[in-house]
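Presented below is the structure to which this report refers.
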Amino acid sequence: MFTRVILISLLIFLFSCTEGINPAITTPEELKAEATYFALTIVESFLNSDSTYFKSILPDSIYFLETWEKPISTSELNITEFFTKMDYSQYTLDDYKDTYSYKILHFDEYSIVEEGWIDKFIYWKPDAEDYIFWGNVAKEGKQKFPSSDIFVFMVSKRSSVWRFRAFSG
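For this note's numbering, add 720 to where a residue sits in the sequence shown, where the first one is 1.
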């Protein structure tokens with residue numbers, strides 16, 4: 721009986737962690753909606769200082785959206801220190817959504833908007849499985865949160881799994 725309760729609890733937990741993520745989604749519109757949902761879970765992890773969740777979505781290497789920056793191994797990145805330096809505890813995801821205009825662009829969209837940008841990367845190249853989240857533009861009359869550049873990043877879905885891919889700055 722006790723084992724069954726633990727198993728059911730574990731299943732509920734796992735399903736709640738993947739709510740909004742569906743490996744069967746394949747149309748461009750569905751993928752973009754799912755990428756937006758996933759990106760907002762990352763924003764929420766920043767706001768809640770949830771380094772455990774953030775660590776769980778990292779690939780082996782982290783890239784940067786600056787064309788000259790070398791990628792670093794995830795093992796070299798001190799996530800706990802990174803989250804300790806950020807204090808967004810006074811903000812919620814609803815505060816974020818109320819303050820910022822955010823958008824997510826697929827590779828096809830941002831490669832046109834930022835023509836030639838991808839060709840300038842030295843150490844890696846974004847590709848067709850990548851989405852860039854631009855979430856650092858405050859709405860008119862709204863005050864930005866401190867260090868809002870963290871709200872610009874890239875995510876990617878590979879083998880039906882969403883991962884954080886690149887930081888800005």
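Just so you know, even glycine gets a beta-carbon here, dropped at the ideal spot from N, CA and C. Just so we're clear, the structure is a prediction, and the values are computed from it rather than from any experiment.
- Unbroken beta strand (DSSP E) run spanning Asp850, endpoints: Asp850 to Ala858
- Message: So, at 8 angstroms on beta carbons, what are the nonlocal neighbours of Leu813 in its own chain, with the 5 sequence-adjacent residues on each side left out?
- Response: Leu760, Val763, Glu764 and Leu767
- Message: Tell me whether the stretch 805–820 and the stretch 775–790 touch, counting them as touching only if at least three CB pairs, one residue from each stretch, are closer than 8 angstroms.
- Response: no
- Message: Measuring CB atoms only, is the stretch 820–828 touching the stretch 839–856, in the sense that at least three cross pairs come out at less than 8 angstroms?
- Response: yes
- Message: Can you look up Phe774 in the DSSP assignment and give me helix, strand or coil?
- Response: helix
- Closer than 7 angstroms by C-beta to Tyr811: which residues in its own chain qualify, once you throw out the five before and the five after it? Chain order, please. Leu767 and Phe865
- Query: Tell me, which residues are paired with Ile799 by DSSP?
  - Reply: Ile799 pairs with nothing; no bridge assigned.
- Task: Give me the Cα-Cα distance between Ala886 and Phe873, rounded to the nearest whole angstrom.
- Result: 5 angstroms
- Message: What does the Cβ neighbour count give for Glu754, buried or exposed, with the cut at 16 atoms within 10 Å?
- Response: buried
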